[in-house]
Amino acid sequence: MDPSENRTPSAVESGKRPDRWLDWLLSLPALWMGTILALVSIADGIRNSILHSLDFQWSPARLLTQHIDPWATYLAGDPGHRILLNQVPNDLHELYVAMLPFGYLPLMPAKIVWASINVALVLLSCSLVARMYELNGRKAWLLTLLALTSTPARVTIGNGQVTALVVASLALWAVARSSQARGLLLGVAWAKYSVPPVLAAYLLLRRRWRLLLYSLLPPALGFLFIYGWLRPPFWTLLWEPLRASTNNVSPGLANIMAVSEIAMRHPPLFQPVPDAFYLSPVTGWMVVLPYLCGIALAIGIALYFFARGQHVDGRVLMACLTTACLLCFKHQIYDFLFLMFPLAVALKAESSAARNWLLGLIAYFWYGERLLHIRRWEFWPAVVIVSFCLLLALIAATWKLRDRVRWKTDWEL
Numbered sequence: 000m001d002p003s004e005n006r007t008p009s010a011v012e013s014g015k016r017p018d019r020w021l022d023w024l025l026s027l028p029a030l031w032m033g034t035i036l037a038l039v040s041i042a043d044g045i046r047n048s049i050l051h052s053l054d055f056q057w058s059p060a061r062l063l064t065q066h067i068d069p070w071a072t073y074l075a076g077d078p079g080h081r082i083l084l085n086q087v088p089n090d091l092h093e094l095y096v097a098m099l100p101f102g103y104l105p106l107m108p109a110k111i112v113w114a115s116i117n118v119a120l121v122l123l124s125c126s127l128v129a130r131m132y133e134l135n136g137r138k139a140w141l142l143t144l145l146a147l148t149s150t151p152a153r154v155t156i157g158n159g160q161v162t163a164l165v166v167a168s169l170a171l172w173a174v175a176r177s178s179q180a181r182g183l184l185l186g187v188a189w190a191k192y193s194v195p196p197v198l199a200a201y202l203l204l205r206r207r208w209r210l211l212l213y214s215l216l217p218p219a220l221g222f223l224f225i226y227g228w229l230r231p232p233f234w235t236l237l238w239e240p241l242r243a244s245t246n247n248v249s250p251g252l253a254n255i256m257a258v259s260e261i262a263m264r265h266p267p268l269f270q271p272v273p274d275a276f277y278l279s280p281v282t283g284w285m286v287v288l289p290y291l292c293g294i295a296l297a298i299g300i301a302l303y304f305f306a307r308g309q310h311v312d313g314r315v316l317m318a319c320l321t322t323a324c325l326l327c328f329k330h331q332i333y334d335f336l337f338l339m340f341p342l343a344v345a346l347k348a349e350s351s352a353a354r355n356w357l358l359g360l361i362a363y364f365w366y367g368e369r370l371l372h373i374r375r376w377e378f379w380p381a382v383v384i385v386s387f388c389l390l391l392a393l394i395a396a397t398w399k400l401r402d403r404v405r406w407k408t409d410w411e412l
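Just so it is clear: in the sequence shown, position 202 is 201 by numbering that gives the first Met the number 0, and no numbers are missing.
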């Protein structure tokens with residue numbers, strides 16, 4: 000590596016405004032201190048994964064090894080109590096094909112292996128995102144440390160979530176050049192089907208037919224494998240993941256679906272509201288309204304960036320579109336690991352008010368949320384609404400930086 004990459008240029012040398020606090024973060028003492036904190040964060044995540052792994056999809060994979068339909072088991076009320084903790088099969092069939100080998104392992108070894116894979120996926124994502132956004136030396140190091148010390152990374156590892164896999168599949172676009180390769184990677188991301196819709200809608204408007212066609216292959220092949228493995232009724236199996244998610248997925252933080260639920264159900268704004276309140280049965284149009292709001296917002300955002308982003312670098316669009324998925328559909332704090340894309344934009348951009356706002360908003364979701372969780376303020380409807388507005392501001396700040404980044408190469412989405 001060129002030693003000059005590890006040197007932070009002064010304001011005089013670079014011709015930019017002084018940026019003392021970022022220069023301090025890029026100093027060696029701060030980076031080594033951050034490295035220690037990152038190791039502590041990873042260790043805590045692995046510890047929680049061994050003790051808990053609340054969302055690790057081991058139970059559904061275990062049922063599949065016995066040729067038992069995990070979605071049908073959950074929807075029937077899990078009479079044998081074979082689905083542990085919160086290991087509900089919410090995701091598409093392709094994920095469970097990938098998780099099937101874990102079902103053949105005892106639970107503890109499976110936890111350790113999956114935690115190790117999650118750590119590797121987070122590190123891989125940081126490396127690829129740094130490469131995509133032309134972050135070298137200390138800035139790449141800082142991006143990695145901020146990601147590893149964040150609440151989303153720690154909870155992803157500790158809960159045994161699949162967010163790191165989905166982030167890595169999109170980060171691999173840094174090295175994937177062909178439509179076929181990018182399409183297959185997007186298809187992997189469809190395993191968590193609440194993530195790709197905004198990006199896919201934008202690509203549809205761009206008429207990226209080949210890419211989108213290839214993105215259907217992993218979900219289709221995963222479904223066909225499970226269908227052949229279990230031989231259930233075809234249409235029943237097709238819709239079971241969606242039915243499972245409607246009964247289990249909590250409203251999450253900072254998304255239009257949660258805001259619409261609050262508007263419909265009128266909970267007290269400044270008191271904790273349990274997930275059961277949002278998941279209680281409703282009838283008529285109230286069942287579909289949150290989904291319609293999420294889909295409408297996703298389409299509207301895709302249309303906006305399609306109309307305004309014709310001459311904008313694809314890396315900025317990628318950051319905005321991946322963050323927009325958090326705004327449109329139900330997501331928990333671990334899914335905010337996707338903010339490493341706008342973080343990379345912020346670290347690459349010149350010093351400005353928008354850049355500072357962006358860094359501050361990322362800090363709110365990556366670090367401040369944990370403080371809200373400790374105080375249980377995270378469950379206040381007022382906090383959900385405010386967080387929605389802050390996430391919208393985060394996307395706006397990322398978009399505003401589109402002309403404040405000097406790229407060495409062109410990168411098309």
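C-beta atoms are modelled at their ideal positions from N, C-alpha and C, and glycine is treated no differently.
Note that the structure is predicted; figures quoted are calculated from it, not measured.
Can you find the residues in the same chain that come closer than 8 Å, C-beta to C-beta, to residue 343, ignoring five residues on each side of it along the sequence? Stepping through the sequence shown from its first residue, residue 343 is reached at position 344. Within the same chain, residue 343 has close Cβ partners 128, 129, 131, 132, 134, 142, 314 and 318.
Residues near residue 96 in its chain [Cβ-Cβ closer than 6 Å; skip 5 each side]: Within the sequence shown, numbered from 1, the residue matching residue 96 stands at position 97. The answer, listed in chain order, is 221 and 224.
If we require 4 or more residues per run, which alpha helix (DSSP H) segments fall completely within the segment 13-96? Unbroken alpha helix (DSSP H) runs of no fewer than 4 residues, entirely contained in the segment 13-96, are found at 19-24, 27-50, 57-64 and 69-74, following chain order.
Determine the contact status of residue 53 and residue 104, defining contact as a CB-CB distance below 8 Å. Position 54 of the sequence shown, counted from the first residue, corresponds to residue 53. Position 105 of the sequence shown, counted from the first residue, corresponds to residue 104. Against a cut-off of 8 Å, the Cβ pair of residue 104 and residue 53 comes out as no contact.
Status (buried if at least 16 other CB within 10 Å, exposed otherwise) for residue 397: Against the sequence shown, residue 397 aligns to sequence position 398. Classification of residue 397: buried, given that the 10 Å Cβ count is 16 or more.
Who are the near neighbours of residue 167 in its chain, counting only those whose CB is closer than 6 Å to its CB and skipping five residues on each side? The residue you call residue 167 lines up with position 168 of the sequence shown. Closer than 6 Å at the Cβ level, and outside the excluded window around residue 167, lie 120, 123 and 124.
Where residue 25 and residue 162 are concerned, what is the direct C-alpha to C-alpha distance, given to the nearest angstrom? Taking the sequence shown and counting its residues from 1, the one referred to as residue 25 is at position 26. Taking the sequence shown and counting its residues from 1, the one referred to as residue 162 is at position 163. Roughly 28 Å between the two C-alpha positions.
Evaluate residue 32 with the Cβ neighbour count: other Cβ atoms within 10 Å of its Cβ, from every protein chain shown; 16 or more gives buried, anything less gives exposed. The residue you call residue 32 lines up with position 33 of the sequence shown. Per the 10 Å Cβ criterion, exposed.
What residues in its chain sit with their C-beta under 7 Å from that of residue 332, if we drop five residues either side in the sequence? As a first step, residue 332 is located in the sequence shown; it is residue number 333 there, counting from the start. If we look at residue 332 and ignore the five residues flanking it on each side, its Cβ neighbours are 150, 151, 154, 252 and 368.
On the CB-based measure, 16 or more other CB atoms within 10 Å of its CB, does residue 254 come out buried or exposed? Along the sequence shown, one-based indexing puts residue 254 at 255. Looking at its Cβ environment, which holds 16 or more other Cβ atoms inside 10 Å, residue 254 is buried.
I'd like to check one pair, residue 69 with residue 88: are the Cβ atoms closer than 8 Å? Residue numbering aside, residue 88 sits at position 89 when the sequence shown is read from its first letter. Residue numbering aside, residue 69 sits at position 70 when the sequence shown is read from its first letter. Going by C-beta atoms, residue 88 is nearer than 8 Å to residue 69.
Do residue 92 and residue 231 count as a contact pair if the criterion is CB distance below 8 Å? The residue you call residue 231 lines up with position 232 of the sequence shown. The residue you call residue 92 lines up with position 93 of the sequence shown. Taking a C-beta distance under 8 Å as the contact criterion, residue 231 and residue 92 do not qualify as a contact pair.
Measure the C-alpha to C-alpha separation of residue 326 and residue 359 and round it to an integer number of angstroms. Numbered from its first residue, the sequence shown carries residue 326 at position 327. Numbered from its first residue, the sequence shown carries residue 359 at position 360. Those two C-alpha atoms are separated by around 18 Å.
Give every residue of the same chain whose Cβ lies closer than 8 Å to the Cβ of residue 242, excluding the five residues on either side of it in the sequence, and list them in chain order. As a working note, residue 242 is residue 243 in the sequence shown. Excluding positions up to five away in sequence, the list reads 70 and 74.
So the candidates are 79, 194, 405 and 353; which of them puts its Cα closest to the Cα of residue 424? Nothing can be reported for residue 424: it is not among the residues displayed for the chain, which extend from 0 to 412.
Residues near residue 339 by beta carbon distance below 6 Å, same chain, minus five either side: Within the sequence shown, residue 339 is the residue found at index 340, counting from 1. The answer, listed in chain order, is 128 and 146.
Throw me the rounded Cβ distance for the residue 37 and residue 148 pair, which I believe falls under 8 Å. The count along the sequence shown starts at 1 and reaches residue 37 at position 38. The count along the sequence shown starts at 1 and reaches residue 148 at position 149. Confirmed, about 5 Å.
Locate the alpha helix (DSSP H) running through residue 372, then write down its first and last residues. Translated into positions along the sequence shown, residue 372 becomes position 373. Run containing residue 372: 368-374, per the alpha helix (DSSP H) assignment.
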